[in-house]
Amino acid sequence: MNGAEGKIPPGVAHTVWKQDEQASRFPSLEENLSADVVVVGAGIAGLSIAYRLSKEGKKVVVLEARTRGSGQIGRSTAHMMTWNKNSYHKVEKQFSTDTMCKVAESYLAAIDFVENTALTEGIDCGFKKVEGYLFPESTSKSDMDSIDKELAAAVRAGLTDVRKVDLGGLSGAGGVHEALMFPGCVNIQPLSYVNGLADAVVKHGGHVFENSLVTDFSGKKVTTEAGFTVEAPNVVLATHMPIYRNFTVISRQNPYRFYALGFSIPKAGFKDGQYWDISEGHHNVRLEEHSGGNILVVGGEEHRTGIKPDQYEDNWKKLEEWTRSRWTQAGEVRFKWSGQVMEPDDMLHLLGSDPLNDAQIGARYYTATGDSGQALTSGTLAGMIIADEILGRENPFSKIYNPSRLPPLSANTIKELAAYGKTVVQGLAENLNPLYLQDIEDMKPCSGAVVQKGLEKVAVYVDEQGGKHAYRATCPHLGCLVQWNPNEGTFDCPCHGSHFDNRGRVINGPARVNLEPVKLGTFGAKSVA
27 MNGAEGKIPP
37 GVAHTVWKQD
47 EQASRFPSLE
57 ENLSADVVVV
67 GAGIAGLSIA
77 YRLSKEGKKV
87 VVLEARTRGS
97 GQIGRSTAHM
107 MTWNKNSYHK
117 VEKQFSTDTM
127 CKVAESYLAA
137 IDFVENTALT
147 EGIDCGFKKV
157 EGYLFPESTS
167 KSDMDSIDKE
177 LAAAVRAGLT
187 DVRKVDLGGL
197 SGAGGVHEAL
207 MFPGCVNIQP
217 LSYVNGLADA
227 VVKHGGHVFE
237 NSLVTDFSGK
247 KVTTEAGFTV
257 EAPNVVLATH
267 MPIYRNFTVI
277 SRQNPYRFYA
287 LGFSIPKAGF
297 KDGQYWDISE
307 GHHNVRLEEH
317 SGGNILVVGG
327 EEHRTGIKPD
337 QYEDNWKKLE
347 EWTRSRWTQA
357 GEVRFKWSGQ
367 VMEPDDMLHL
377 LGSDPLNDAQ
387 IGARYYTATG
397 DSGQALTSGT
407 LAGMIIADEI
417 LGRENPFSKI
427 YNPSRLPPLS
437 ANTIKELAAY
447 GKTVVQGLAE
457 NLNPLYLQDI
467 EDMKPCSGAV
477 VQKGLEKVAV
487 YVDEQGGKHA
497 YRATCPHLGC
507 LVQWNPNEGT
517 FDCPCHGSHF
527 DNRGRVINGP
537 ARVNLEPVKL
547 GTFGAKSVA
């Protein structure tokens, strides 16, 4: 389990893609530089943008806090769909038929971009086209009606080769009978692709710097933790959630945790393809041909980031039970990890010019966020859209993913905005509400809690030897109260998704710095060293 004492630190995960084995290949920034574009973040979005711009002759500098692919792309389940996770019929209802058609067109274009890039640059990333199957969780009338609605919408969106099929209820197909078949979906090894993109950026004249955490930016100057700067008239924040306090973007989405498992499975035990259900669990399934044998990769069981400790379930257990009930030949669990997705309130990605660019001095800012659980697709689209905007070219998808767009006031948008507002208000208000005075001497090893210490809240972690580590429990991003995550052994911010390990170190933004250490002093009747 991520974050437990003696295990893989939660900054990287032991995924089927071997994220925890990604060694640094590029130097740290150790001098001040100037460039045409500085890209913060070396994941799928940042490197796709840098690749396109470096090929066009732009001087590009990429700054990565850890190693390339060490963020959410290395934790993804790595599937590119021609289906939209939020359903085409819902996108059409929320926006228009034209917008729905553009979304479908953009997903096909993203797949073409990855395929062409892999071929052009000789990137061995296991690119493979497969059929995708959208299936109902049950045979209830509402589930079957949703499938029929989605078929009609997909055809209207221009995906005329989508059709209803019967998979016969075979165990290799997850016991699924009726499903919608979406041809042309893609399986890929995401870190192999990201590594290839990084090499291609350098080949075309760009610069990639690893272990170069960005802690400040103002105008066209971006500063790393070591104090070195890069100055550029174009600044791209490709950090999953932008590492700033711009409410025009960060208030447009909500963070969710998801869980993933990798099972051994005989090849005969799985009908090749991708599988997605329409349940609240947002399950997705695919096969990865791994060096140690075939791995069934399963993701799902999403929930809001930063829920209270007593609200957690054993999400990995739920995911395992769901998988075994459908793919009966699933064997040993070989991999177990988790990740985070950003869900936009109006269902569409947020890619392009920052809404507050007029307030920036000397530079234009760009953001790539709102992946909605489709990291490969949204990150690739960011590379297409943002690069074109910096180059002064029109892009057919800029308008629908523009971060400055006005979300339609639909029931879904109102619901998501209300949920965001409630979470932020509660996260800030909890700094004022006294907590039960927990005696931390009673805390078990490898556990954490947020406790009251005088007038302040303190995040406490007890390590395997009983040692206690304490940090100020307010998120350094905007001051919301973090919560202990017992599943992953981390402290999570419910407001904007910042994620800290059990030593208070920032893993995910938008926070740029660690939780502040504090001395424990006295709790209740006992003095704590």
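Residue numbers (this note's numbering): 27 to 555.
For glycine and all other residues, C-beta sits at the position ideal for the given N, C-alpha and C.
Backbone secondary structure at residue i - three-state DSSP
i: E257; result: strand
i: M368; result: strand
i: F153; result: coil
i: Y391; result: strand
i: G222; result: helix
i: I34; result: Residue confidence is low: I34 scores 40 on pLDDT, short of 50, so the model does not pin down where it sits. No coordinate-derived value is stated.
i: Q45; result: helix
i: K483; result: strand
i: G194; result: coil
i: L217; result: helix
i: I466; result: helix
i: A496; result: strand
i: E306; result: coil
i: S172; result: helix
i: K293; result: helix
i: Y282; result: strand
i: L177; result: helix
i: A199; result: helix
i: V581; result: For the chain, the structure presents residues 27 to 555; residue 581 sits outside this window and is missing.
i: N383; result: helix
i: S246; result: Note that residue 246 is Lys in the sequence shown, not Ser. Coil, per DSSP.
i: H316; result: strand
i: K545; result: coil
Beta strand (DSSP E) segment containing residue i, residue limits
i: L185; result: Premise fails: L185 is in no beta strand (DSSP E) and is neither H nor E.
i: D303; result: 300-303
i: S379; result: 376-379
i: G319; result: 319-330
i: M207; result: 204-213
i: L407; result: Per DSSP, L407 belongs to no beta strand (DSSP E); it is in the alpha helix (DSSP H), 401-417.
i: N237; result: Premise fails: N237 is in no beta strand (DSSP E) and is neither H nor E.
i: N534; result: 532-534
i: D12; result: This structure leaves residue 12 out entirely; the chain is present only between 27 and 555.
i: F517; result: 516-518
i: N513; result: Taken as a continuous stretch (DSSP letters only), N513 belongs to no beta strand (DSSP E), as it is neither H nor E.
Test item: CB-CB of residue i and residue j under 9 angstroms
i: D303; j: L160; result: yes
i: G201; j: S351; result: yes
i: S424; j: P381; result: no
i: N428; j: G378; result: yes
i: P520; j: V539; result: no
i: L417; j: K85; result: no
i: V87; j: V117; result: no
i: A104; j: V311; result: no
i: A588; j: K246; result: This structure leaves residue 588 out entirely; the chain is present only between 27 and 555.
i: Q279; j: L376; result: yes
i: G72; j: C151; result: no
i: Y391; j: V240; result: no
i: L287; j: V191; result: no
i: L185; j: Q45; result: no
i: Y285; j: N511; result: no
i: E131; j: F208; result: no
i: M373; j: Q120; result: yes
i: N112; j: S398; result: yes
Whole-number beta carbon distance between residue j and residue i, since they are thought to touch under 8 angstroms
i: G523; j: Q366; result: 6 angstroms
i: W353; j: I269; result: With a Cβ gap of about 39 angstroms, W353 and I269 do not count as contacting.
i: K128; j: C211; result: Not really, about 19 angstroms apart at Cβ, beyond 8 angstroms.
i: T41; j: G100; result: 6 angstroms
i: L55; j: S244; result: No, L55 and S244 are not in contact; Cβ-Cβ is about 17 angstroms, not under 8 angstroms.
i: Q592; j: M107; result: No answer is possible for residue 592: it lies beyond the span of the chain, which begins at 27 and ends at 555.
i: A8; j: R94; result: Outside the modelled stretch of the chain, which goes from 27 to 555, sits residue 8, for which no answer is possible.
i: E346; j: R283; result: Contact flag wrong, Cβ pair sits at about 17 angstroms.
i: H115; j: A179; result: 4 angstroms
i: V140; j: I214; result: 7 angstroms
i: A401; j: S102; result: 5 angstroms
i: V486; j: A496; result: 5 angstroms
i: L177; j: L134; result: About 18 angstroms separates the two Cβ atoms, so there is no contact after all.
i: V248; j: V66; result: 7 angstroms
Residue range of the alpha helix (DSSP H) that includes residue i
i: N38; result: First, the residue type needs correcting, since residue 38 is Val and not Asn in the sequence shown. Premise fails: V38 is in no alpha helix (DSSP H) and is neither H nor E.
i: S424; result: 424-427
i: I276; result: 273-276
Q: Write down every uninterrupted run of the alpha helix (DSSP H) in the region 66-147 whose length is 4 residues or greater and which is fully enclosed by it, in chain order.
A: 70-81, 114-120, 123-147
Q.
So within the region 333-360, which uninterrupted alpha helix (DSSP H) runs reach at least 4 residues, ignoring any that extend past its ends?
A. 341-352
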